[in-house]
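Numbering (our numbering), first residue to last: 3 to 127.
Inspection log for the structure reproduced underneath, given as structure tokens.
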Amino acid sequence: MKRLLVFPVVAALALLTNACYYDRFEALHPLVGFVNTCDPALDSTYTASIRYIMANSCTSCHNSQSPQGNVNLDNYTGVKGFAESGKLLGAIEHQTGFIAMPPATRIKDCEVKKIHAWINDALKE
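Now the structure itself:
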């Protein structure tokens with residue numbers, strides 16, 4: 003009787019330990035054409051640079067499913083609106099008068115430069 007219980011338990015443990023492999027954001031959402039360089043002038047468009055930065059730093063909390071603080075940054079329209087209002091730069095640069103985002107860390111300087119370039123380049127999609 004004990005042998006009959008061992009197989010289902012082992013099978014369940016095997017499934018549970020392997021389930022996390024496919025939960026990596028990059029594996030689920032590959033960004034074709036993403037420019038992985040620190041030259042903000044290279045391609046300062048939402049699709050090439052900003053979408054990736056938002057996905058890695060912001061959308062775990064600020065997405066259409068659970069927009070914490072009523073902020074949705076998982077699409078071009080949402081990010082553009084916060085960029086135009088100045089709230090995006092205020093938050094990621096941890097400026098006085100803004101809630102610092104992300105709260106526990108800072109976005110890399112290179113990524114902040116890319117966001118500046120995108121804003122200065124008329125928020126191209």
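Just so you know, even glycine gets a beta-carbon here, dropped at the ideal spot from N, CA and C.
| Among the residues of its own chain, which have a CB less than 7 Å from the CB of D123, if the five just before and after it don't count? | Taking the sequence shown and counting its residues from 1, the one referred to as residue 123 is at position 121. Closer than 7 Å at the Cβ level, and outside the excluded window around D123, lie S46.
| task | Return the first residue and the last residue of the alpha helix (DSSP H) that G88 is part of. | result | Translated into positions along the sequence shown, residue 88 becomes position 86. No residue range can be given for G88, since it is assigned to no alpha helix (DSSP H) and is classified by DSSP as neither H nor E.
| query | If you drop the 5 nearest sequence neighbours on each side, which residues of the same chain put their C-beta closer than 7 Å to that of C112? | reply | The residue labelled residue 112 in the question sits at position 110 within the sequence shown. These residues qualify, in order along the chain: C40.
| query | Start and end of the alpha helix (DSSP H) containing A53? | reply | Here residue 53 is taken as the residue at index 51 of the sequence shown, counted from 1. Reading the sequence as shown, one finds Arg at residue 53 and not Ala. R53 -> alpha helix (DSSP H) spans 53-59.
| request: Find the nearest neighbour of Y48 within the set K89, V81, P104, judged by alpha-carbon distance. | output: Translated into the one-based positions of the sequence shown, residue 48 becomes position 46. Of the candidates K89, V81, P104, the one whose C-alpha sits nearest the C-alpha of Y48 is V81.
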